[in-house]
Each structure stands twice: as C-alpha cells, then as structure tokens.
Amino acid sequence: MKHQDDDLLTEINITPFVDIILVILIIFILVAQVIGPQVFGIKLPKAVHGQTTAHKPITVSLDVKGKIAYNGYSINEKDLALSIKQIIKDDPRTQVIVSADEKVFHGRVVHLLDLLKGLGVSQLAVHVQPQS
178 MKHQDDDLLT EINITPFVDI ILVILIIFIL VAQVIGPQVF GIKLPKAVHG
228 QTTAHKPITV SLDVKGKIAY NGYSINEKDL ALSIKQIIKD DPRTQVIVSA
278 DEKVFHGRVV HLLDLLKGLG VSQLAVHVQP QS
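Numbers 178 to 309, taken from our numbering, label the letters of the sequence shown in order.
Spelled out as structure tokens, the structure:
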C-alpha cells in the first residue's frame with residue numbers, strides 16, 4: 178500500500194517573489210518621495226527680477242501637454258477647483274504659485290490664472306527660474 182506521505186509535494190513557493198515585489202515597492206516609494214514635486218519635469222522660464230516667499234505656498238503646475246499638478250500630484254481641473262476653494266475658504270491669504278513650462282501656450286496659462294482668480298485666490302505668483 179502506498180501512503181500519502183510518499184507523494185511528492187508540488188507546491189510553488191511564492192515567498193521569494195513576494196520579497197522581491199516588496200523591495201521594488203519600497204524603492205518606488207523612496208524614489209517617489211524624492212521626485213514627487215517634479216512630476217512633469219517642467220522647464221521654468223528664466224527671469225532677472227524674482228522674489229522668494231517667506232511661507233509655504235500652494236503650487237499649481239502646468240506641463241507642455243496641458244496636464245495640471247497640485248503640490249506635485251496630478252489632478253484634473255474640477256478637483257483642483259474644489260481643493261483651492263476649500264483652502265481659500267480656510268485662509269483667504271493663501272498664496273498660489275503657478276509653475277508652467279516655458280513652452281506652454283500663453284492662452285493655457287491665462288486660463289489657469291483666470292480659474293484661480295475666479296476661485297478667490299488673491300495672491301498669485303508665477304514661478305520662474307533665476308536667469309544667470
């Protein structure tokens with residue numbers, strides 16, 4: 178008679194696979210923290226006369242393809258409007274910095290500035306890179 182103990186175990190050990198996936202996930206999280214604000218790789222226009230801000234403002238970015246990011250995270254226009262409305266309601270003096278790629282069409286930047294003004298943002302700034 179044959180016993181069940183004599184049968185070969187035919188299981189797949191997924192522990193090494195799970196370990197590798199977790200290591201990749203940890204690396205992804207660490208890299209995302211480092212490059213988070215640069216979600217689009219925006220190339221800022223240069224300016225000679227710029228100012229720095231004393232407190233941490235909100236950053237709204239616009240890339241060449243017209244995608245919007247809010248504090249480094251991709252967002253659509255409707256959700257951006259809801260977020261900005263709530264922030265301005267809590268603190269009307271909140272400054273919003275628009276960070277648009279130098280190759281974005283002027284009309285798209287004006288549309289974004291108009292949207293922010295319409296939401297009650299009174300302190301708007303355009304993010305530029307110092308010209309050397």
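Glycine included, each C-beta is placed from N, C-alpha and C at the ideal position.
Closest residue to K262 among S309, I201, V305, L292 (Cα-Cα distance): As a first step, residue 262 must be located in the sequence shown, where it is residue number 85. The shortest Cα separation from K262 among S309, I201, V305, L292 belongs to L292.
Alpha carbon of S276 to alpha carbon of A246, nearest angstrom: For this step, residue 276 is matched to residue 99 along the sequence shown. For this step, residue 246 is matched to residue 69 along the sequence shown. Approximately 9 Å, taken between the alpha carbons.
Neighbourhood of N253 by C-beta, 8 Å cutoff - its chain only, sequence neighbours within 5 removed: The residue labelled residue 253 in the question sits at position 76 within the sequence shown. For N253, where only same-chain residues beyond five positions count, the Cβ hits under 8 Å are I245.
Segment contact flag, the segment 297-308 with the segment 269-286, C-beta cutoff 8 Å, min 3 pairs: yes
Backbone CA spacing between V208 and V298 [nearest angstrom]: Walking along the sequence shown from the start, residue 208 turns up at place 31. Walking along the sequence shown from the start, residue 298 turns up at place 121. The straight-line gap from Cα to Cα measures roughly 32 Å.
Cα-Cα separation between I264 and A258, rounded to whole angstroms: Locating residue 264 in the sequence shown gives position 87, where the first residue counts as 1. Locating residue 258 in the sequence shown gives position 81, where the first residue counts as 1. Each residue's Cα considered, the two are about 10 Å apart.
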